[in-house]
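Chemist: These protein sequence lines map, in sequence, to chains A and B. Quick note: the first sequence uses the numbering used here, first residue 5, plus one each step. Quick note: the second sequence uses the numbering used here, first residue 1143, plus one each step. C-beta atoms are modelled at their ideal positions from N, C-alpha and C, and glycine is treated no differently. Given the structure is predicted, the values throughout are model-derived calculations rather than measurements. Provided herewith is a single structure, encoded as structure tokens, for subsequent inquiry.
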Amino acid sequence: MTAQPSGKTGSPFRIGRYYSYMLLVPGLVISAIFLVLPLAIMTVVSFYTTAPSSTGFLPIFTVENYFDFFTSPQTGTLLLNTFSLAFIASIICFAFGFPLAYFLTFHIKSRTLKNYVITLLIVPFLIDWSIRTVAWIPILGKGGIVNFALMSLGLIKGPLEVLLFSRNTLYLIWLQTYVVFMEFPIYLAMNRIDPDLINAARVLKAPPRRVLYDIVFKLSLPGIMAGFIFVFVSTLGDFITPNLWAGGVQTLGLSISRYSNNFLWPYASVLSTMLLVIAIIIMYIAFKVVNIKKLFYE
Amino acid sequence: MKPQEVGIRVYVAALILLVYLPIVVMIVLSFNTSGRISFPMEGFTTKWYNGIPTGYEYASYISAFYDWKFWIAFQNTVYVATAGAIMTMIIVTTVAMALRHRVVGRDPLFYLILLGFVLPGVALGLGNNMLFRIMNWEFAWWTAAMLDTVYAVPFGLILMMARFDPDLVLYERAASVLKASPLSVFRKVTLPLIRWEVVSAGIFGFVLAWGELIRTSFVMRGTGVISTYIATELAINPITPKWYAVGAIVTGISIVALIILGWVLSRGQR
């Protein structure tokens, strides 16, 4: 980055800096009350004893909850399910989101048209969550379009149940929901690529594959990583879609909601804390690989 | 057109079809005579929209226009989304303004803000649920708005900071060298230059708050917002075209709102 202005311009800037701290107050207050405090409570409660009280726990310190979690035979499957689902969903969203962002950036010239396409992709977000998922029933369900078509073609005899209740359904619904989360950061990163760079490469007879990989892909990596994290975390924390459509696949999110519905707060907190810890570790590794801050400031 | 260009167009069209197919199906089937939702349709009716209820039906059979619980939820959703949008707009703008300067602890702060999104929804919901119970705060629409704000701010921040004009700092510096107070620099130089970013952060806040279910489901009671209302009803009631009618109404209203917004925005960009 450029060197900081020295001596002469220092004084008006110091005032600016003082105001910078003032500016952070609303953001910090909201984050402290609704983000940090709940997390702190969650972590503390995860060490409390489960008891049939009004809150579901007694403030007596114990590590038994964690012991139960690590020794339970289901834990391994639970973790594997949760993270493999989220990981594959992110890959699928990338496979669609990246070409979409590329198309928006390099193939559509008119700014108005760009706005319309983006709006078109945001619309499904405004449809109610549950209704967006149950809208797949007439397509994939027993009496749905796909089964109807397959049966009329004589390919299958009876309606297929797996169309609606399987991991694949989950990926489809997540793709529909979260592809925007992947597409948008990539689009923003691609917008920052200097078109002259691509032109120069083309003039110098670089094969299209190299242009795509060495310039477009590599320079949009911060956006890709941001999108990846967005989709990964959203699918990680989604327990409602797996509950409806995963065909009985158990995930961490599902267990958390079940425990909390039964007021088994310490257990729910243990699972949430583990979910958070693992998510942060993955995020940390991702940040080490790609400097995501490049999207925002240098 | 080159074959690659055709390829990418087909790919994008397929994706948009995938995103929109369920929506089209939903709207079509909301006019189905039969109470079951399957193809082929039995006949055309608008009873799921405006059928006059006898007063003895379950929620799944009360027509959408007469389902007063839905309209209360709708009203709550408008409150939540509007509050969420305004809060997101304010916080995103202030934080983005501050983070451009080399404030002490910029990186930890940035990660803290980002945590609002990185934190899995179920964990944030659970934590806030416990917080509200322990503090004895009431669950109301503003609690949902707060959670949605925490969730939407990182998004808005990305939107705003990734699109800042690199020369913005120079204009501001010029104004402040000419002895403009920080407030008037913001009002007369910065804000006019970033107002569309501010508005689009607000739109994102609105959109995210409008449909949020995972976090909201932990901090809403009673009828709640549209998402929690429908999720609760669908858990205990059969799925009938009534819900598709509800979905079509929500979709219709949001599309109209978005078109108006898009129109306003694209006018501003010209």
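Nearest CA to the CA of ALA204(A): which residue from VAL215(A), ASN265(A), ALA99(A), MET194(A)?
Modeler: VAL215(A)
Chemist: Per the contact definition of three or more C-beta pairs closer than 8 Å, is the stretch 132 to 152 of chain A in contact with the stretch 1367 to 1381 of chain B?
Modeler: In short, these stretches touch, since the Cβ pair count reaches three.
Chemist: Relative to the alpha-carbon of THR47(A), which residue among ALA290(A), MET278(A), ILE285(A), ILE286(A) has its alpha-carbon at the smallest distance?
Modeler: MET278(A)
Chemist: Would you mind sorting PRO1308(B) into buried or exposed? The rule is 16 or more other CB atoms within 10 Å of its CB.
Modeler: exposed
Chemist: Taking the straight line between their C-alpha atoms, what separation do you get for LEU1163(B) and GLY1347(B)?
Modeler: 26 Å
Chemist: In the DSSP assignment, find the unbroken alpha helix (DSSP H) run with TYR1221(B) in it and report its ends.
Modeler: 1210 to 1242
Chemist: Please specify which runs of the alpha helix (DSSP H), each continuous and at least 4 residues long, are wholly inside the stretch 107 to 179 of chain A, giving them in chain order.
Modeler: 115 to 130, 133 to 138, 141 to 144, 149 to 156
Chemist: Do we get a CB-CB distance below 8 Å when we pair PHE73(A) with the residues of chain B?
Modeler: no
Chemist: Who are the neighbours of ALA93(A) on chain B, taking C-beta pairs under 8 Å?
Modeler: Residues of chain B passing the Cβ test: none, with the nearest at roughly 13 Å.
Chemist: Using a Cβ-Cβ cutoff of less than 7 Å, which residues in the same chain neighbour ALA1223(B) once the five nearest sequence positions on both sides are dropped?
Modeler: PHE1348, ALA1351, TRP1352
Chemist: Chain B partners of PHE269(A), CB-CB under 7 Å?
Modeler: In the sequence as presented, Phe is not what sits at residue 269(A); that position holds Trp. Simply MET1272.
Chemist: How is THR53(A) classed by DSSP in three states: helix, strand or coil?
Modeler: strand
Chemist: Just confirm the distance between the C-beta atoms of ASN1270(B) and PHE73(A), as a whole number of angstroms; I'd bet it's less than 8 Å.
Modeler: Not confirmed; about 22 Å, so no contact.
Chemist: To the nearest angstrom, report how far apart TYR70(A) and PHE129(A) are at their CA atoms.
Modeler: 37 Å
Chemist: Which chain A residues sit within Cβ distance under 7 Å of TRP1385(B)?
Modeler: Correct list: ILE135, VAL138.
Chemist: From the DSSP output, which residues share a beta bridge with PHE232(A)?
Modeler: According to DSSP, which records beta bridges pairwise, PHE232(A) is partnered with nothing at all.
Chemist: Using a Cβ cut-off of 8 Å, which residues of the stretch 1154 to 1171 of chain B contact any Cβ in chain A, in chain order?
Modeler: VAL1154, LEU1157, ILE1158, LEU1160, VAL1161, TYR1162, LEU1163, PRO1164, ILE1165, VAL1167, MET1168, LEU1171
Chemist: Looking only at its chain, what residues have a beta carbon closer than 7 Å to the beta carbon of VAL1264(B), apart from the 5 residues adjacent to it on each side?
Modeler: ILE1356
Chemist: Taking DSSP as the reference, what is the three-state secondary structure of ASN1174(B)?
Modeler: strand
Chemist: Does VAL1154(B) pass the burial test, meaning 16 or more other C-beta atoms within 10 Å, or should it be called exposed?
Modeler: buried
Chemist: Rounded to the nearest angstrom, what separates PRO16(A) and GLY1247(B) at their Cα positions?
Modeler: Model confidence at PRO16(A) stands at a pLDDT of 43, short of 50, so the residue's coordinates are unreliable; what they give is reported in the following sentence. Near 21 Å, if we compare the C-alpha coordinates of GLY1247(B) and PRO16(A).
Chemist: Got a sec, what are the start and stop residues for the alpha helix (DSSP H) VAL281(A) sits in?
Modeler: 269 to 293
Chemist: Is DSSP giving LEU62(A) helix, strand or coil here?
Modeler: Of the three classes helix, strand and coil, the one that applies to LEU62(A) here is strand, per DSSP.
Chemist: Based on Cα-Cα distance, which residue from ALA1240(B), LEU1157(B), ILE1276(B), PRO1383(B) lies nearest to TYR22(A)?
Modeler: ALA1240(B)
Chemist: On the CB-based measure, 16 or more other CB atoms within 10 Å of its CB, does VAL1406(B) come out buried or exposed?
Modeler: exposed
Chemist: How do the stretch 206 to 215 of chain A and the stretch 147 to 162 of chain A stand: do at least 3 beta-carbon pairs fall below 8 Å, yes or no?
Modeler: no
Chemist: Can you give, in chain order, each stretch of the beta strand (DSSP E) that sits fully within the stretch 1277 to 1353 of chain B and has at least 3 residues?
Modeler: none
Chemist: So, is the C-beta of VAL1152(B) closer than 8 Å to a C-beta in chain A?
Modeler: no
Chemist: Please determine, among ASP218(A), ILE260(A), ILE141(A), LEU124(A), the residue with the shortest C-alpha to C-alpha distance to LEU1400(B).
Modeler: LEU124(A)
Chemist: I'd like to know if TYR175(A) contacts chain B, where contact means its C-beta is closer than 8 Å to some C-beta of that chain.
Modeler: no
Chemist: Is it buried or exposed for GLN78(A), if we count other Cβ within 10 angstroms and need 16 for buried?
Modeler: exposed
Chemist: Consider the Cβ of GLY127(A): report whether some Cβ of chain B lies at a distance smaller than 8 Å.
Modeler: Residue identity check: residue 127(A) is Val in the sequence provided, not Gly. So, interface residue.
Chemist: In chain order, what residues of the same chain have a beta carbon less than 7 Å from the beta carbon of GLY11(A), not counting five sequence neighbours either side?
Modeler: Confidence is the limiting factor: at GLY11(A) the pLDDT is only 39, short of 50, which leaves the residue's position unreliable, though a coordinate-based value still follows. Contacts found: none.
Chemist: Could you give the C-beta distance for ILE219(A) and ILE202(A), rounded to a whole number, given that I count them as a contact under 8 Å?
Modeler: 6 Å
Chemist: Just confirm the distance between the C-beta atoms of VAL1237(B) and ILE233(A), as a whole number of angstroms; I'd bet it's less than 8 Å.
Modeler: Contact doesn't hold; Cβ gap of about 19 Å is too wide.
Chemist: Can you find at least 3 beta carbon pairs, one from the stretch 1381 to 1396 of chain B and one from the stretch 1316 to 1333 of chain B, that sit closer than 8 Å?
Modeler: no
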